[in-house]
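>
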Amino acid sequence: ITIPLKDGLITDDNVHVFRGCENLKHVDLVERSILDDTIDALQMEDWKTDMDRDMLSIDQILPNTSAGDDSDDVGGKAEAIRSWISSVLSKIVHCKAQHLRYLNEAATTLQLAS
Numbered sequence: 203i204t205i206p207l208k209d210g211l212i213t214d215d216n217v218h219v220f221r222g223c224e225n226l227k228h229v230d231l232v233e234r235s236i237l238d239d240t241i242d243a244l245q246m247e248d249w250k251t252d253m254d255r256d257m258l259s260i261d262q263i264l265p266n267t268s269a270g271d272d273s274d275d276v277g278g279k280a281e282a283i284r285s286w287i288s289s290v291l292s293k294i295v296h297c298k299a300q301h302l303r304y305l306n307e308a309a310t311t312l313q314l315a316s
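As structure tokens, this is what we get:
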């Protein structure tokens with residue numbers, strides 16, 4: 203499937219959306235290139251590596267996650283995707299905040315040095 207990286211995309215009201223979708227094993231993101239540009243702009247190489255690992259993790263999780271098979275068993279694919287989206291967004295916010303903090307510290311250091 204191809205989805206946007208958007209919090210609230212999967213809710214408790216539609217958690218059944220992937221019931222029976224045994225072949226759902228991969229997620230592509232709408233506008234992935236924009237996200238890649240954001241990740242590439244991060245100053246710390248370990249942040250980039252960590253983000254890349256997180257982005258690919260859903261493709262390791264989905265093949266081993268139940269799709270459910272009846273109205274009583276909605277499976278876990280929607281919840282796995284919801285958790286993954288939340289985790290990735292949270293990490294992006296954290297990395298961007300850290301990045302900004304480092305830039306501000308560098309700017310302050312330069313101002314003090316001049």
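Residues 203 to 316 in our numbering are what the sequence shown spells out, letter by letter. Just so it is clear, CB atoms sit at the ideal spot from N, CA and C, and this is done for glycine as well.
1. Which residues share a DSSP beta bridge with ILE205?
2. Who are the Cβ neighbours of THR240 in its own chain at under 6 Å, not counting the five residues just before and after it?
3. Starting from the C-beta of GLY222, find all residues in its chain whose C-beta is less than 6 Å away, skip the five residues before and the five after it, and write them out in chain order.
4. Which value, in whole angstroms, describes the spacing of the CA atoms of ASP271 and ASP242?
5. Which same chain residues, not among the five before or five after PHE289, have their C-beta less than 7 Å away from its C-beta?
Looking at the coordinates:
1. Beta-bridge pairing links ILE205 to LEU231.
2. Closer than 6 Å at Cβ, skipping near neighbours: no residue.
3. Excluding sequence neighbours, GLY222 sits near ALA269.
4. So the alpha carbons of these two residues sit roughly 40 Å apart.
5. One detail in the question is off: residue 289 reads as Ser in this sequence, not Phe. Excluding positions up to five away in sequence, the list reads ASP256.
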